[in-house]
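First to last, the protein sequences are chains A and B.
Heads up: the first sequence at position 95 corresponds to 95 in my numbering, and the numbers run straight through without jumps.
Count along the second sequence from 1, add 1000, and you get the number used in my numbering.
The beta-carbon is built from N, C-alpha and C at its ideal position, and this holds for glycine as well.
Values in this document were obtained by computation on a predicted structure and should not be read as measured data.
The structure appears below as structure tokens.
Protein chains: 2
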Amino acid sequence: MSSAASLPPLNALRAFEATARCGSVTAAAEELHVTHGAVSRQLRTLESHFGTALFERVGRGLTLTAHGRELQRSVGEAFSRLSEGCATLKRRLDEAPFTLACPGSLLARWLIPRLDRLNADLPALRLRVISSEHELDPRRDDVDATLRFAAPPWPADLSVFTLRPERIVAVATPDVWRSTPSETAADMLAHGTLLDTASRPQAWTQWTDAMGVDPETLAAARQRGRTFEHLYYLLEAALSGLGVAIAPDVLVAGEIERGQLVAPWPAVETGAALGLWLAPGADERRAGALAAWLKREL
Amino acid sequence: MSSAASLPPLNALRAFEATARCGSVTAAAEELHVTHGAVSRQLRTLESHFGTALFERVGRGLTLTAHGRELQRSVGEAFSRLSEGCATLKRRLDEAPFTLACPGSLLARWLIPRLDRLNADLPALRLRVISSEHELDPRRDDVDATLRFAAPPWPADLSVFTLRPERIVAVATPDVWRSTPSETAADMLAHGTLLDTASRPQAWTQWTDAMGVDPETLAAARQRGRTFEHLYYLLEAALSGLGVAIAPDVLVAGEIERGQLVAPWPAVETGAALGLWLAPGADERRAGALAAWLKREL
DNA sequence: TCTAATCTGTGAGAAAAACTCACATCCGAT
DNA sequence: ATCGGATGTGAGTTTTTCTCACAGATTAGA
């Protein structure tokens, strides 16, 4: 009835199949990456399961008996079907693109400049990147993983590779700093134009908290500032010299390096972290490789 | 290239196959005679091998994912081929007759009277009996086992079920004993007609040694005796009252029981034993069953 | 004929895999 | 609300499998 009714030990069948095909215990052992002794025992197990000799030990070699030959037919077919099916699935999985969703700002300012290198370093990944505005459900079918800044706790039913603590930094062009008194953070807040983003309403608060600035000073400064819908626009505004922006350091590291933006104060940790969130059922190996690459790069 | 190239763990594949077919971990576990936890772990192993979900955990049940369904096709076929092949071989082995070679005398005097009962007790054995005159090579293809009296040491490359020590006994008809002085063994040897067989030339020597009779007396007695080619003729001669025969006790137990033959002295062990000698590659299970039956019967 | 090379088989102990048990969790039905 | 029936999991145990080192046996060739 059931397919599995009193099947012999499967590993013994595999050893038999390999030995029958190779015509030698030693060759089969090599193929299976075990010692010949292991194969020899497996064959013994199988023969005692059936209660009959499957090989004739003739001299220093082996020959299939009539029963062995009969068994080989079906077992050989079965194993080739098995390996064919598994190989096909594996191939399909390897060929499938790995879809990463990523916030637009991070995508534009950090990931896209590195995409070529990423694809060169991890060609098997066949990375496909889509931009995820606002919140995107990582459980959606067409996304394997999401890159996002988020504060713990993270949902327990998803695996998350933590890549880097989120650090925010206040930046502006050199021109802005020249025209803005900024001996201290409080100075800056009192006179500068704050640029803010709707997607991270607490950013300035976190920064001023860390810098020990009075919340009232911040509230007043905000009155004079401007708010943008996306972080991306905020950064463009900062680059255009519209005021002082607050943003994760990774997004402005390049501009700071090149002198386009200047950050007078060190970056501040927010408690959140940039992480790679895996969709359930996603390939942990490929995601792990991606996470390792990202972590190295960050 | 090789069929076994990096196949997933086979037991995990079996668990997957059963689970996919049954649609439930619990049902699969029952079929495989393990706990559901064991199956659950195997599935996990397989999923992590492929790096993808094969089942979707939906509510209290499971559904195959697209990948799982793809895998099931090939794996299901493979396992059904496997179990079909194994079942066919097993069936063929069970249906094949078990051929036992047996010396003619033992066959005629002991085994044939019990054959019906043996076949009734062990119907799966499908016993076929052939007579083995003189020495018969148990390695011959058409014989699964040989029943024989032999003294140790036995060849190491054959398995031998020892059934019973050989015990020889001096027998004759009541008439013969009446006409032969037989207070002692020496008496008997001095006056009786010894019947001997060419196939067991040492039988009388072993007997007289055990009875403590002078070898010279035996030599003299032998002069007056007669020698038969086979044990079978020897026994016929004894039953006809031609003299005193020496034979394994099992061959004359029936006649002694019925009073046709009388054994004045207890049987003597020769050091040899009646054993079931297996041909290499013979079914140890069936042979074991036969040996157990024979041992019980003896 | 002896020797070296090349197989397979096996005993003992080590390593790895699989299993069980008991409990946790989660959904759906009474 | 709770119970029944399903899956998942941590810890520890049992079973299987493997390796290592050696033995026996056969073939090729000096």
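Discussion item. Just list the residues that DSSP pairs glutamate 248 (chain A) with in beta bridges.
Written reply: Here the sequence assigns proline to residue 248 (chain A), which means glutamate is not the residue at that position. The partner list for proline 248 (chain A) (beta bridge, DSSP) reads A:Ile168.
Discussion item. I'd like the span of the beta strand (DSSP E) that includes arginine 117 (chain A), first residue to last.
Written reply: Careful: arginine 117 (chain A) lies outside any beta strand (DSSP E), inside the alpha helix (DSSP H) at 112-121.
Discussion item. Nearest by alpha-carbon distance to leucine 251 (chain A): which of A:Leu125, A:Cys102 and A:Val129 is it?
Written reply: A:Cys102
Practice prompt. Assign alanine 101 (chain A) to one of three DSSP states: helix, strand, or coil.
Written response: strand
Worksheet item: Buried or exposed: proline 1138 (chain B), going by 16 or more other Cβ atoms within 10 Å of its Cβ?
Response: In this prediction, proline 1138 (chain B) has a pLDDT of 48, which is less than 50 and means its spatial position is unreliable; what the coordinates show is noted afterwards. With 16 or more Cβ atoms within 10 Å of its Cβ, proline 1138 (chain B) is classed as buried.
Fill in: Between the CA atoms of leucine 125 (chain A) and alanine 14 (chain A) - distance to the nearest angstrom
In the sequence on display, residue 14 (chain A) carries arginine and not alanine. Each residue's alpha carbon lies about 32 Å from the other.
Worksheet item: When you compare only the Cα positions, how much space is there between phenylalanine 16 (chain A) and leucine 46 (chain A)?
Response: 8 Å
Worksheet item: Taking C-alpha atoms, which residue in A:Asp196, A:Asp187 and A:His191 lies nearest to glycine 212 (chain A)?
Response: A:Asp187
Worksheet entry | Same chain, Cβ closer than 6 Å to leucine 32 (chain A), five either side skipped, listed in chain order | Ala18
Practice prompt. Can you give me the start and stop residues for the beta strand (DSSP E) that leucine 125 (chain A) sits inside?
Written response: First-last for leucine 125 (chain A): undefined, no H or E at that position.
Worksheet item: What are the boundary residues of the beta strand (DSSP E) that includes glutamate 269 (chain A)?
Response: 268-278
Fill in: Complete runs of the beta strand (DSSP E) confined to the region 1049-1100 of chain B [at least 3 residues]
1055-1058 and 1061-1064
Practice prompt. State the Cα-Cα distance for the pair leucine 218 (chain A) and proline 264 (chain A), rounded to the nearest angstrom.
Written response: 18 Å
Fill in: Where serine 1131 (chain B) sits in the DSSP three-state scheme
strand
Worksheet item: At which residues does the alpha helix (DSSP H) containing leucine 234 (chain A) begin and terminate?
Response: 231-239
Discussion item. Please list, in chain order, the chain B residues whose beta carbon lies closer than 8 Å to that of arginine 296 (chain A).
Written reply: Neighbours of arginine 296 (chain A) on chain B: none; closest Cβ ~21 Å, over 8 Å.
Worksheet item: From aspartate 249 (chain A) to arginine 109 (chain A), what does the alpha carbon distance come to, in whole angstroms?
Response: 11 Å
Discussion item. Output needed in chain order: residues of the region 1070-1094 of chain B with a Cβ under 8 Å from some Cβ in chain A.
Written reply: Glu1070, Leu1071, Arg1073, Ser1074, Val1075, Gly1076, Glu1077, Ala1078, Phe1079, Ser1080, Arg1081, Leu1082, Ser1083, Glu1084, Gly1085, Cys1086, Ala1087, Thr1088, Leu1089, Lys1090, Arg1092 and Leu1093
Practice prompt. Kindly list, in the order they appear in chain A, the residues whose Cβ is closer than 8 Å to that of proline 1008 (chain B).
Written response: Cys86
Discussion item. Does the beta-carbon of leucine 13 (chain A), which I'm using as the reference point, lie nearer than 7 Å to any heavy atom of the ligand HEM?
Written reply: Absence of the ligand HEM from the depicted structure is noted, as is the absence of any ligand whatsoever, leaving it without description.
Worksheet item: How would you list, in chain order, the residues of chain A whose beta-carbon sits under 8 Å from the beta-carbon of serine 1048 (chain B)?
Response: Glu284
Practice prompt. Take lysine 295 (chain A) as the anchor and find which of A:Ala273, A:Gly281, A:Thr180 and A:Ala279 has the nearest alpha-carbon.
Written response: A:Ala273
Worksheet item: Below 8 Å, can you find three or more Cβ-Cβ pairs linking the region 49-58 of chain A to the region 1087-1100 of chain B?
Response: yes
Item to complete: May I ask you to list the residues that DSSP assigns as paired with phenylalanine 16 (chain A)?
Response: Per DSSP, none; premise fails for phenylalanine 16 (chain A).
Worksheet entry | Proximal residues of chain B, C-beta to C-beta of threonine 65 (chain A) below 9 Å | Gly1281
Item to complete: State the DSSP-derived secondary structure class of valine 160 (chain A), mapped to helix, strand or coil.
Response: strand
Worksheet item: Roughly how many angstroms separate the alpha carbons of threonine 173 (chain A) and leucine 127 (chain A), rounded to a whole number?
Response: 34 Å
Worksheet item: Given leucine 1278 (chain B), which residues of its chain have a CB within under 8 Å of its CB, disregarding the five upstream and five downstream residues?
Response: Pro1138, Asp1144, Ala1145, Leu1158, Ser1159, Val1160, Phe1161, Glu1284 and Ala1287
Worksheet item: In the structure shown, what three-state DSSP assignment does arginine 226 (chain A) receive?
Response: strand
Worksheet item: Ends of the alpha helix (DSSP H) at arginine 1285 (chain B)?
Response: 1284-1297
Worksheet item: At what residues does the beta strand (DSSP E) containing arginine 1148 (chain B) begin and finish?
Response: 1145-1150
Fill in: arginine 1224 (chain B) versus threonine 1193 (chain B) - alpha carbon distance
6 Å
Worksheet item: So what's leucine 46 (chain A) in DSSP terms, helix, strand or just coil?
Response: helix
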